[in-house]
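The block underneath contains the structure these notes are about, expressed in structure tokens.
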Amino acid sequence: MGGRRAALRRRGRDARLGPRARARRDRAEVQGPAHGAHVMQAVINGARLHYERAGAGMPVVFLHAGVADHRMWEPQFEVIAPDTRGFGRSELPPGGWSPVADLLGLIDSLHLKPIHLVGCSIGGGVAIDFALEHGERISKLVLVGPGVGGVQFGAKYKELFAEAEAAEKAGDRRAMVEADARLWLDGPRRPAGYVKDPIRQLFFAMDSNFDSDFEAAPIERLDPPAAERLHEITAPTLLVVGDEDAPPIFDAVDMLMEKVPHARKVVIHDAAHLPNLEHPDEFNRIVLEFLLEP
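Numbering (the working numbering), first residue to last: 653 to 946.
Here it is as structure tokens:
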């Protein structure tokens, strides 16, 4: 165990949630596709990626958090929601790979031109990297509790992650997911178990749904990293953060507000790291209003 946490920490542990190695739960046991969605697969850069697609009009691509898969977006719009390599139903072949290249390959395979790009946590970090490398492909950017490539959490936040990392090192998957839920779903300031079913059940299903060895499939990073290039982002950018999220997330959001030229921030009350699941109606309204602005 420990492969994905270590791999993502090397990338910049910037609010990128703790990945797991070799722990899988069949998605079909928990929940089927969103209503009206087409379940699809595409081979991108040598890896078979799972995604769901529904609706019409201006395409919106959602990138999930590191404790989740595409299902975290099911309360949202009818859109394109892929599973990143090694998450959900997407495979993780051995060898180096780039989340940015995979995303570009997917939207090219779907013949999408300008897109609205929405990313949460690790997905937010990928969205930032994509905006830096392929800004001409993005109309608007929405970052939900995002990480920023090249930013380390630092010693002051070490205790926040100690419980989950110890459980992962011990191979105790259940304890690891419970620790993740307390930190990322409930938030560090609210009591354990604060968020109830069915959201809690979905979180446990997503955070357990892994069969991946990221040490054998290292992530290729931007060089220089995103943290040194944020001023290059040209797309209008909306930052969404729950007021009960973990402290490192607020650090990342503050950095983005300072350095991204066209950024604005919205705080969702009584929400931790996944505000779209806790308050889907409010989240939908905030994001839809932003995307519909001229």
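Where a beta carbon is used, it is the ideal one built from N, C-alpha and C, also for glycine.
From a predicted model like this one, the values you see are computed outputs, not experimental measurements.
| Query | Result |
| --- | --- |
| Whole-angstrom Cβ separation of Asp903 and Ile920, contact assumed at under 8 Å? | That pair is no contact at about 18 Å. |
| Does DSSP classify Pro840 as helix, strand or coil? | coil |
| Within its chain, find whatever has a CB closer than 6 Å to the CB of Thr886; leave out the 5 residues flanking it on each side and keep chain order. | Gly787 |
| Check whether the Cβ atoms of Gly751 and Ser791 sit closer than 7 Å, and answer yes or no. | Looking at the sequence shown, residue 751 is not Gly but Pro. No, Cβ-Cβ distance for Pro751 and Ser791 is not below 7 Å. |
| With DSSP run on the structure shown, which of helix, strand or coil describes Ala822? | helix |
| In angstroms, rounded to a whole number, what distance separates the CA positions of Val770 and Ala814? | 29 Å |
| So what's Pro850 in DSSP terms, helix, strand or just coil? | coil |
| Please look up how many angstroms separate the CB atoms of His702 and Ser742, rounded, as I've assumed it's under 8 Å. | 5 Å |
| Looking at His690 and Arg700, is the spacing between their C-beta atoms short of 7 Å? | no |
| With the cut-off set at 7 Å, would you say Val893 and Val905 are in Cβ contact? | yes |
| Answer yes or no: do Ala831 and Ala816 have a C-beta to C-beta separation smaller than 7 Å? | yes |
| For Ala720 and Phe739, what's the separation of their Cα atoms in angstroms? | Confidence is the limiting factor: at Ala720 the pLDDT is only 44, short of 50, which leaves the residue's position unreliable and the question unanswerable from this model. |
| With distances taken between CB atoms, is the gap from His931 to Ala923 smaller than 7 Å? | yes |
| Please name the residue in Leu944, Val800, Asp781, Asp897 whose C-alpha comes closest to that of Met909. | Val800 |
| Terminal residues of the continuous beta strand (DSSP E) containing Phe866? | Note, Phe866: premise wrong, no beta strand (DSSP E); not H, not E. |
| Does the Cβ-Cβ distance between Ala696 and Leu758 come in under 7 Å? | Per the sequence shown, residue 696 should be read as Ile rather than Ala. Going by C-beta atoms, Ile696 is nearer than 7 Å to Leu758. |
| To the nearest angstrom, report how far apart Asn861 and Leu744 are at their CA atoms. | 13 Å |
| Specify, as a first and last residue, the run of the beta strand (DSSP E) that Glu704 falls within. | 699 to 705 |
| Give the straight-line distance between the Cα atoms of Arg916 and Val796, rounded to the nearest whole angstrom. | 12 Å |
| Mind checking who Phe714 pairs with in its DSSP beta bridge? | Val770 |
| Under 6 Å Cβ to Cβ from Val939, same chain only, skipping five residues before and after it: list those, please. | Val794 |
| Buried or exposed: where does Asp859 fall if 16 or more other Cβ atoms within 10 Å of its Cβ makes it buried? | buried |
| May I have the straight-line CA-CA distance separating Ala898 from Cys772, to the nearest angstrom? | 14 Å |
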